[in-house]
Structure formats: structure tokens, C-alpha cells
Amino acid sequence: MSKLSTLTALQVMQDAPVIPVIVLHDVAHAVPLARALVAGGVRMLEVTLRTPQALACMEAIAKEVPEAVVGAGTVRSKADAQAAAIAGARFAVSPGYTSAVGQACRDVGLALLPGVATGSEIMAAQEDGFTELKFFPAMQAGGPAMLKAWGGPFFDVKFCPTGGVTLQNAPDFLSLSNVVCVGGSWIVPADAIEKCEWSRITQLAKDTQGLGL
Ligand code: 3PG
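Laid out in C-alpha cells, this is it:
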């Protein structure tokens with residue numbers, strides 16, 4: 027896949043079993059963190075818009091780590107989508123879904139994984155043409171049992187559960203036919219980033235490679 031090709035949400039989900047949910051407070055951490063994840067086989071990187079430095083971090087990764095594909099997490103508005111695209115994000119992840127966010131991502135060319143936690147939210151996202159969705163917060167909102175139940179009426183939807191997912195419970199999600207990947211922050215622990223423990227993060231990324239096989 028060429029770095030500049032237009033991505034689909036399915037391609038984002040299919041690249042690896044885990045999408046890291048990244049929180050960065052220091053731009054200096056962005057490039058070494060991205061390289062550490064790539065070294066561990068994880069290329070789709072969700073940098074959350076939860077810190078003032080997030081956009082600058084995305085920009086640094088997009089420019090300096092061509093092996094990675096940077097995405098924006100916590101996209102909650104049209105302005106977030108626009109800023110993320112300008113910063114070099116190639117995909118977006120939202121904690122919930124609104125048509126405004128869906129349209130904004132289309133307008134700026136970002137593949138979107140919209141967040142859902144109820145049947146009505148799934149139907150709203152489907153009405154707007156989104157069939158690959160993030161289930162958030164996955165453990166708190168019903169876990170694997172909820173996804174199994176949704177597999178009946180929403181047989182044509184694929185999910186990326188995120189929120190409370192760990193190395194230990196990831197297989198319970200990934201064994202479901204409607205789950206393509208999971209999202210999680212466990213492979214990018216705050217203390218490892220703070221202490222620049224990049225080889226620890228590479229190992230955590232490597233540990234996810236057998237998941238879902
Ligand atoms: C998210 O933003 O998707 C979640 O906060 C990540 O959840 P986790 O920290 O429980 O992995």
C-alpha cells in the first residue's frame with residue numbers, strides 16, 4: 027500500500043490485530059514512539075486529540091516516519107477532522123458518531139471509524155454509509171457478548187472494539203467473526219513514553235502479532 031493512497035476503514039482495521047490508542051504530551055516523543063511501534067509490526071497509529079501537542083505529534087510522524095500511517099483519535103467535530111487532515115492524518119477514529127463528523131471526514135479524505143455503543147448508533151452510522159465501526163467503550167458497554175448479539179441484526183457490520191481491551195482479553199474479541207481488530211492503550215503505556223522506554227514498546231507491539239491468528 028503506497029503511503030499516499032486513499033485508505034479505507036477496512037484497510038486500517040486489517041493491517042494489524044491492534045490499533046494503539048496513543049496519548050502524547052511531548053512532541054519529542056512522537057517520532058521515536060512511532061518508530062518503536064513500526065519496529066514491533068504496528069503501523070496504524072491512532073494519536074488522540076487529547077493534548078495540545080497531538081496535532082504537532084501527528085505532523086512529525088507523518089513527515090518523519092513514512093513506514094507508519096498516522097490517524098487521529100478522539101475526533102469529535104468538523105474542526106477536529108479538518109485539523110487532523112492538515113496535520114497529515116490519514117484516518118480518523120471518533121468516540122461517538124454524528125453525521126457532521128462523518129461528512130467532515132469524507133470532505134477531507136479521512137477514512138473514519140465511527141464510535142458506537144448502541145443499536146441506534148449503529149443504524150445512524152450505517153444510514154450514512156459507514157459499515158466498519160469502533161465499539162466504544164467495549165468492556166464497559168457489554169464486551170464480547172454484546173458484539174456476539176449484534177452479529178445477528180448487524181450481520182453486515184465489522185467492529186474494532188476499544189476501551190478496556192488488554193492482551194489477555196483481546197482473543198475473546200478477535201475470535202468473533204464481526205471483529206477485525208481491537209484498539210487499546212496497553213501497548214503504549216504512559217510511563218513507558220514518559221521514560222522513553224522505546225524497546226519496551228516495541229516488545230509490547232510484537233506481543234500482539236500472534237493475536238487473532
Ligand atoms: C479509547 O480512547 O479508545 C480508549 O480510551 C482506549 O481505551 P483503553 O485505555 O482502555 O485501552
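The sequence shown finishes on residue 239 if you use this note's numbering, and the numbering steps up by one all the way, no holes. All residues carry an ideal CB built from backbone N, CA and C; glycine is no exception. Small disclaimer: the values here were computed from a predicted structure and weren't measured.
Hey, residue i and residue j: beta-carbon distance below 8 Å or not?
| i | j | result |
| --- | --- | --- |
| Ala-107 | Ala-118 | yes |
| Met-39 | Cys-222 | no |
| Thr-157 | Val-127 | no |
| Ile-45 | Gly-209 | yes |
| Cys-83 | Val-64 | no |
| Ser-120 | Leu-138 | yes |
| Gly-190 | Met-172 | no |
| Lys-160 | Gly-141 | yes |
| Pro-163 | Asp-198 | no |
| Gln-81 | Thr-100 | Strictly speaking, residue 81 in this sequence is Leu, with Gln absent from that position. No, these two residues do not count as a Cβ contact at 8 Å. |
Taking the DSSP output, what are the residues bridged to residue i?
| i | result |
| --- | --- |
| Thr-243 | The structure shown does not extend to residue 243, since the chain spans only 27 to 239, so no value can be given for it. |
| Ala-98 | Val-73, Ala-118 |
| Val-44 | Val-208 |
| Phe-161 | Val-142, Pro-187 |
| Ala-137 | Phe-117 |
Alpha carbon to alpha carbon, what distance is there between residue j and residue i?
| i | j | result |
| --- | --- | --- |
| Thr-234 | Ser-203 | 19 Å |
| Met-27 | Pro-78 | Model confidence at Met-27 stands at a pLDDT of 38, short of 50, so the residue's coordinates are unreliable; what they give is reported in the following sentence. Distance between the alpha carbons of Met-27 and Pro-78 is about 31 Å. |
| Ile-87 | Ala-115 | 9 Å |
| Ser-225 | Thr-192 | 19 Å |
| Gly-145 | Ala-98 | 25 Å |
| Leu-50 | Leu-59 | 9 Å |
| Ile-213 | Ile-112 | 27 Å |
| Phe-181 | Ser-201 | 15 Å |
| Met-70 | Ala-196 | 17 Å |
| Val-205 | Gly-238 | 9 Å |
| Val-96 | Ala-175 | 32 Å |
| Val-73 | Asp-133 | 20 Å |
Return yes when the C-beta of residue i is under 7 Å from any heavy atom of the ligand 3PG, and no when it is not.
| i | result |
| --- | --- |
| Gly-168 | no |
| Gly-238 | no |
| Phe-185 | no |
| Ser-211 | yes |
| Thr-77 | no |
| Thr-74 | yes |
| Phe-162 | yes |
| Val-214 | no |
| Gly-99 | yes |
| Val-47 | yes |
In chain order, what residues of the same chain have a beta carbon less than 6 Å from the beta carbon of residue i, not counting five sequence neighbours either side?
| i | result |
| --- | --- |
| His-55 | Ile-219 |
| Glu-147 | Tyr-123 |
| Ala-167 | Ala-143 |
| Cys-131 | Ala-107, Ala-118, Leu-138 |
| Glu-90 | Val-57 |
Using 7 Å as the cut-off, classify the Cβ of residue i as near or not near the heavy atoms of the ligand MN, replying yes or no.
| i | result |
| --- | --- |
| Gly-190 | Because the ligand MN does not appear in the structure shown, any question about it cannot be addressed here, the ligands present being the ligand 3PG. |
Closer than 8 Å by C-beta to residue i: which residues in its own chain qualify, once you throw out the five before and the five after it? Chain order, please.
| i | result |
| --- | --- |
| Ala-62 | Trp-224, Ser-225, Ile-227, Thr-228, Ala-231 |
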